[in-house]
Every structure is written in C-alpha cells, then in structure tokens.
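In this note's numbering, the protein residues as written are 4 to 231.
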C-alpha cells in the first residue's frame, strides 16, 4: 500500500472514531460496562416529568438532539426515578444573562424542589445577575476558579454525590468537594437562606431536578451512573 493511501486510511479511521466518541446522547462501550445509563436519548423526555405533576410541559421542547426550556412557565422537571449515591454528567447551554440549576436528593414534600434538594448553580457567569456562579453549590460551596464557556456555548458538568464525598467538575476542572451532612455542611446550611427549611439537605436519596428559572436553557448528553 502506498504511504499516501495508508495515511489517508488511518486519518479517516481516526476521524470516524472521534465522530462516534463525540456523538451526542450516546454511551461508549466503556461507559456501558461501567454502568452508565442515558437519562436523555436525544428523542424524548420519557425519563422526566414536571415537579409534582405528570408529564412534561410543552415549553420544554426536544430539538436537534437537545431539550430546551423555550420560555418561562415550563416548570421545574425531575427524573422519574430517585437516586442516592450517583454520578451525573450533562452538557448545558445557557442564554445570555440566563439562570438555571440542577438539584439532587429532591423530595416532593415542599412547594419548591430547592427546599429539599441542594442546587448546583447554572448561569451566565459574565452577565448573569446572581452572585452565585455556575458550578457552585448554591450558597454553600463556591469555587475559586471559573472554567465555564460563554453563554450560548456548551458546558459539561460532572457531579459526584456519595455519602463519603461530593465533588463538582466543570469542563473537566474540579470546583469543590464536600461531605453532605458533615459538621461543616451543617454550619454552612445554618448560615444560609436554607436554614429556615427543616428538610433541606436531609434526604439521602431523591429526584434530580432541572430548574425553570424563567430563562432559555438547553441540555444534552444527560447520563447517570448509580454508585454502589
């Protein structure tokens, strides 16, 4: 085989492998073996429903391999299943000045999901109006770094929640680490707005929630792994 043909064959093979690996809303064979599951397959929201409701409001729309809150009023959506110890990865794209969030260990015992579930903030870190930045655990654990891409671009969050430790990553950069329910945790909660909600942060399992904060936000590549 001529060197030029060999090079072309190898190059095309690498391009194909990269394309497969980067295909949104899919799992690699390694991820499948490691126990990862898709919460969104790029086609429908069958793994979600609105908070304290059945089905998903039509203002949450699936298009081009992502699901988007198109306007205010879609309501917070939660996973149908509940999770205790887990890892979750997702891509999000927030509108300019936008705000959203991901909550975990959410129970439907209170009027709002954030009254039980701690929130990982999502927002436009440049023009957003909330002093709590994307990737932080809202009012509890900030980060000294900002690894976010600008509004209108995709960002990847990787959140690990276990009894031993919880860790947040943004675009591969570690943001914070904490132990939910520790003495430090309790002190931080007591000094926050969440101190008035007696069930905040107490559940050890619950739904995962994606927030309607009234701004356009899109998600894709939402995958989860239960940690045994």
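Glycine is no exception: its CB is placed at the ideal position from the N, C-alpha and C atoms. From a predicted model like this one, the values you see are computed outputs, not experimental measurements.
Three-state secondary structure assigned by DSSP to residue i
{"i": "residue 44", "result": "coil"}
{"i": "residue 189", "result": "helix"}
{"i": "residue 122", "result": "strand"}
{"i": "residue 51", "result": "strand"}
{"i": "residue 156", "result": "coil"}
{"i": "residue 203", "result": "coil"}
{"i": "residue 103", "result": "strand"}
{"i": "residue 195", "result": "coil"}
{"i": "residue 35", "result": "helix"}
{"i": "residue 63", "result": "strand"}
Residue burial classification, residue i (beta-carbon count within 10 angstroms, cutoff 16)
{"i": "residue 56", "result": "exposed"}
{"i": "residue 122", "result": "buried"}
{"i": "residue 171", "result": "buried"}
{"i": "residue 153", "result": "exposed"}
{"i": "residue 138", "result": "buried"}
{"i": "residue 134", "result": "exposed"}
{"i": "residue 33", "result": "exposed"}
{"i": "residue 127", "result": "buried"}
{"i": "residue 71", "result": "buried"}
{"i": "residue 103", "result": "buried"}
{"i": "residue 101", "result": "buried"}
{"i": "residue 31", "result": "exposed"}
{"i": "residue 36", "result": "exposed"}
{"i": "residue 206", "result": "buried"}
{"i": "residue 136", "result": "buried"}
{"i": "residue 129", "result": "exposed"}
{"i": "residue 76", "result": "exposed"}
{"i": "residue 229", "result": "exposed"}
{"i": "residue 120", "result": "buried"}
{"i": "residue 105", "result": "buried"}
{"i": "residue 109", "result": "buried"}
Under 9 Å between C-beta atoms of residue i and residue j
{"i": "residue 91", "j": "residue 161", "result": "yes"}
{"i": "residue 87", "j": "residue 186", "result": "no"}
{"i": "residue 54", "j": "residue 222", "result": "no"}
{"i": "residue 43", "j": "residue 224", "result": "yes"}
{"i": "residue 169", "j": "residue 146", "result": "no"}
{"i": "residue 140", "j": "residue 124", "result": "yes"}
{"i": "residue 144", "j": "residue 107", "result": "no"}
{"i": "residue 69", "j": "residue 155", "result": "no"}
{"i": "residue 183", "j": "residue 164", "result": "yes"}
{"i": "residue 219", "j": "residue 85", "result": "no"}
{"i": "residue 131", "j": "residue 150", "result": "no"}
| task | Go through the stretch 65-92 residue by residue and report every complete run of the beta strand (DSSP E) that reaches 3 residues or more, in order. | result | 69-72, 80-82
| task | Determine contact between the stretch 190-197 and the stretch 38-56, defined as no fewer than three beta-carbon pairs at a distance below 8 Å. | result | no
| task | Decide if the stretch 23-39 is in contact with the stretch 202-209; the criterion is three or more beta carbon pairs, one per stretch, under 8 Å apart. | result | no
| task | Determine, using beta-carbon pairs with one atom in the stretch 105-120 and one in the stretch 59-77, whether at least three such pairs fall under 8 Å. | result | no
| Taking one C-beta from the stretch 207-216 and one from the stretch 71-89 each time, how about it: are there three or more such pairs within less than 8 Å? | yes
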